[in-house]
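Below is one structure, written out as structure tokens, with a few remarks after it.
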Amino acid sequence: MLLARKKEIYGARAAHTPELVAGKAATCTGSGLTDGEKCSVCGETLQEQKTIPTLGHDFGEWTVTQEPTHSAEGEEQRICSRCGEKETQAIPALEGLSGGEIAGVAVGSTVGAMLLAYGVLALLFKKGIVTGTFFIKIFPFIKP
């Protein structure tokens, strides 16, 4: 009876006054939130904020930043297109003909012929064509 009487005196409950609760965007390393709403008068939540999952990095292709040599490793990196985070990894040092033979060609062997075409260098040694990847030094000379 007392409640009914109070309702008559004070009237029906006032409607909520919505206020925006700003969300935040998800990032590569952190989750985000959608926008929500609450009543600016009583503080009651009118619309819950929902979690937006972490995006994760969007790395591009690997780019060589330091070429490897025979005495040192090289380095390559890729960059996230969203946040600019850089990821690097080592490139193993080059292997050379530091001793012994590779495919029947000893260190210091003389090249019988050389052909450069379409960016490919072919060397013909006295023992035949050698295939594989290895380091060579070419010393140009001028005949008198």
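Using the working numbering, read the sequence shown as starting at 7 and increasing by one per residue. By construction, the Cβ of each residue, glycine as well, lies at the ideal position given by its N, Cα and C atoms. All of these numbers come straight from a predicted model, not from anything done at the bench.
Just tell me which of the options has its CA closest to the CA of residue i.
i: V27; options: I97, E54, Q95, E43; result: E43
i: K56; options: V70, A32, K92; result: A32
i: S77; options: D41, A21, P98; result: P98
i: Q72; options: C34, Q95, A20, E25; result: Q95
Since I believe residue j is in contact with residue i (beta carbons under 8 Å), could you give me their beta-carbon distance rounded to a whole number of angstroms?
i: L39; j: G29; result: 4 Å
i: G36; j: T60; result: 6 Å
i: W68; j: E81; result: Their Cβ separation, rounded to whole angstroms, is 10 Å, which puts W68 and E81 out of contact at 8 Å.
I'd like to check one pair, residue j with residue i: are the Cβ atoms closer than 8 Å?
i: G66; j: R84; result: yes
By Cβ distance below 8 Å, which residues in the same chain neighbour residue i in space, the five residues on each side in sequence not counted?
i: T23; result: C45, S46, V47
i: T75; result: A99, L100
i: I58; result: G29, A31, A32, S37, G38, L39, T40
i: C34; result: T60, L61, G62, H63, D64, C86, R88, C89, E91
i: V70; result: G80, E81, E82, I97
i: A20; result: V47
Leaving out five residues on either side along the sequence, give the residues of the same chain with a beta carbon under 7 Å from the beta carbon of residue i.
i: S104; result: Caution is warranted here: a pLDDT of 43 is assigned to S104, below 50, making its placement in the model unreliable, and no coordinate value can be reported.
i: E93; result: F65, Q83, R84
Would residue i count as contacting chain C if we go by Cβ distances under 8 Å?
i: G42; result: The structure shown contains no chain C, having only a single protein chain.
Once the 5 residues before and after residue i are set aside, which same chain residues still bring their CB inside 6 Å of it?
i: Q53; result: G42, E43
i: E107; result: Any answer about E107 is weak, because its pLDDT of 43 lies below 50 and its placement is not dependable; what the coordinates show is given next. There are no such residues.
i: E25; result: K44, S46
i: T51; result: K44
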